[in-house]
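Notes for the one structure printed next.
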Amino acid sequence: MKTESADILIIGAGPAGSVAAGLLRKQGRDVLVLEREQFPRFSIGESLLPQSMEYIEAAGMLQDVVEAGFQYKNGAAFVRGDKYTDFDFRDKFSPGWGTTFQVQRAHFDHVLARGAERQGATVRYRHEVLSVDTTGEQPEVTARGPDGETYRVRARFLLDASGFGRVLPRLLDLETPSNFPKRGAIFTHVQDRTPPGSFDRNKIRVTVHPEHVHVWYWTIPFSDGRCSLGVVAKMEYLEQYKGEDTERLQAIVKETPSLANLLKDAVWDTPARKLTGYAANVKSLWGPGFALLGNAGEFHCIRRAHAGETVDWEKDYAKPLKAGVDTFRTFVESWYAGGFQQVIFHPNPSPDVRRMISAILAGYAWDTNNPYVAESKRRLSVLEAVCA
Ligand SMILES: Cc1cc2nc3c(=O)[nH]c(=O)nc-3n(C[C@H](O)[C@H](O)[C@H](O)COP(=O)(O)OP(=O)(O)OC[C@H]3O[C@@H](n4cnc5c(N)ncnc54)[C@H](O)[C@@H]3O)c2cc1C
427 MKTESADILI IGAGPAGSVA AGLLRKQGRD VLVLEREQFP RFSIGESLLP QSMEYIEAAG
487 MLQDVVEAGF QYKNGAAFVR GDKYTDFDFR DKFSPGWGTT FQVQRAHFDH VLARGAERQG
547 ATVRYRHEVL SVDTTGEQPE VTARGPDGET YRVRARFLLD ASGFGRVLPR LLDLETPSNF
607 PKRGAIFTHV QDRTPPGSFD RNKIRVTVHP EHVHVWYWTI PFSDGRCSLG VVAKMEYLEQ
667 YKGEDTERLQ AIVKETPSLA NLLKDAVWDT PARKLTGYAA NVKSLWGPGF ALLGNAGEFH
727 CIRRAHAGET VDWEKDYAKP LKAGVDTFRT FVESWYAGGF QQVIFHPNPS PDVRRMISAI
787 LAGYAWDTNN PYVAESKRRL SVLEAVCA
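Count along the sequence shown from 1, then add 426; that gives the number in my numbering.
In structure tokens, the structure reads:
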């Protein structure tokens, strides 16, 4: 089998892989990206967080994204029964971008991957990573190209950006069960035909089921009159609905009058899809010669390692990354338990607290100047008690 060498090898050309490739090219590194699929390809995760704009900009891809014509986004709206509230991310506690886009991922991911290529990264589509060996001096992966031939790549550094593919966690036995209950999502794109003035297209809309606190829907408008529509719920709940996924989603939407009414003229022209049990955990975010990609902001570690400095990957990479993830986890858990929903729908919120919450919804979960980041558990439980 042929063996090639690479400076940086990235698994996956989703947003994380492409942005990482752009950032590393800016550091002058040679980058090879192996991507299993042919682009454009469908993916989920269409309402970007403003915080991610900082990395798109740093990777030199801002102009590509702005010129692609995606739907502008400035916040999030929440609906439960007859209650409606919205957050404008330009009015938030943390500094940084307050606006972003809602994107069809097939197009968006392709725009970023082409941005990485324009900056000199090599992206090989339809090249799947099959196995990895991290026991030698340098990590080595075995991949299969579109012609069916397998080959090896030995890299100075390996980054796993395989997202839902979870390549290194699976191959290196890094997976640990998630403590989130098993949830699933059913989703599609529709031509929404919402009545004029009824839908703020600049915001993702999150609608809560009138009876089940753990069931919620997203509507993410795009710039072409279409919108992404999905429901997230515990598996047991979704399993009650039989038939094709489109029929199941239609039946669940019907249960929530405000949403059913918003979408009463929608054209359901795309078969729905589903995703189940996507929550996952890992034992470690790094190992000898490799790291799992999370927040591309921690990239100075790779630069320092390349410059011959000793990097404490746990302290300098994993710990800061996990801190923000833990903040999100606190809010997500509280959302499903109902407490954070009471905060969101409270009729008389304090403007200062709202700006702090707005920052977290916009993705600024690493800004420890925000008290709801620095002490998220304690602060949120006090706030829940006050709002209850
Ligand atoms: C229900 C749901 C709703 C979501 N909504 C949002 C949202 O509104 N906004 C948001 O920001 N995020 C959202 N997310 C999260 C978002 O989908 C992910 O964070 C995002 O897609 C991760 O991007 P990524 O680049 O890390 O991975 P991915 O987008 O998964 O890309 C990974 C790439 O790796 C490739 N790959 C996989 N295996 C291999 C292999 N063996 N060899 C080579 N290549 C491989 C894949 O083909 C893929 O192209 C949502 C997630 C879920 C489950």
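Ideal Cβ positions, reconstructed from N, Cα and C, are used throughout, including at glycine.
Contact check for residue 576 against residue 556 passes: the beta carbons are separated by less than 8 Å. Residue 800 and residue 786 have their alpha carbons spaced roughly 12 Å apart.
Residue 653 has 616 and 647 as its beta-bridge partners, per DSSP. In the DSSP annotation of this structure, the continuous segment of the alpha helix (DSSP H) that includes residue 493 starts and ends at 488-493.
Distance check between residue 683 and each of 626, 507 and 458 places 507 closest, using alpha-carbon atoms only. Only residues of its own chain outside the window of five on either side were considered, and among them none has a CB closer than 7 Å to the CB of residue 544.
Of all C-beta pairs linking the stretch 703-710 to the stretch 601-616, three or more are shorter than 8 Å, placing the two stretches in contact. DSSP assignment within the stretch 556-610 yields the following whole alpha helix (DSSP H) runs of 4 residues or more, N-terminal first: 593-597. With contacts defined as CB atoms closer than 8 Å, residue 437 and residue 446 fail to qualify as a contacting pair. As DSSP reads the structure, residue 700 sits in a beta bridge with 612. Taking 8 Å as the cut-off, the beta carbon of residue 448 is found no closer than this to the beta carbon of residue 502. Along the length of the stretch 442-527, whole alpha helix (DSSP H) runs at least 4 residues long occupy 479-484 and 488-493, reported in chain order.
Ordered by chain, the residues meeting the criterion of a beta-carbon within less than 6 Å of a non-hydrogen atom of ligand 1 are 437, 438, 439, 440, 441, 442, 443, 460, 461, 462, 463, 469, 470, 471, 472, 473, 474, 475, 554, 555, 587, 588, 589, 590, 591, 593, 611, 658, 701 and 704. Just so you know, the alpha carbons of residue 500 and residue 574 end up roughly 45 Å apart. In the three-state scheme derived from DSSP, where H, G and I count as helix and E and B as strand, residue 687 is classed as helix.
Apart from the 5 residues on each side of it in sequence, residue 638 sits with its Cβ closer than 8 Å to the Cβ of 659 and 663 in its chain, given in chain order.
Pairing residue 688 with residue 625 gives a Cβ-Cβ distance under 8 Å. When the alpha-carbon of residue 614 is set against those of 808, 676, 591 and 583, the nearest one is in 676.
For residue 431, the secondary structure class from DSSP, reduced to helix, strand or coil, is strand.
With respect to the 8 Å criterion, residue 539 and residue 565 are not classified as neighbours on the basis of their beta carbons. Ranked by Cα distance from residue 727, the first of 756, 583, 515 and 457 is 583. Excluding sequence positions up to five before and after residue 805, its CB lies within less than 8 Å of the CB of 797 and 798, all in the same chain and listed in chain order.
Taking C-beta atoms as the reference points, residue 594 and residue 718 count as a pair closer than 8 Å. Between residue 651 and residue 617, the C-beta spacing is below 8 Å. Note that the C-beta distance between residue 468 and residue 531 is below 8 Å. In the three-state scheme derived from DSSP, where H, G and I count as helix and E and B as strand, residue 664 is classed as helix. For residue 716, the uninterrupted beta strand (DSSP E) segment begins and ends at 716-718. Contact between residue 472 and residue 439 does not hold, since the beta-carbon distance rounds to 17 Å and is not under 8 Å.
In the DSSP assignment, residue 781 falls within the alpha helix (DSSP H) that extends over 777-787. DSSP, reduced to helix, strand and coil, places residue 541 within a helical segment of the structure shown.
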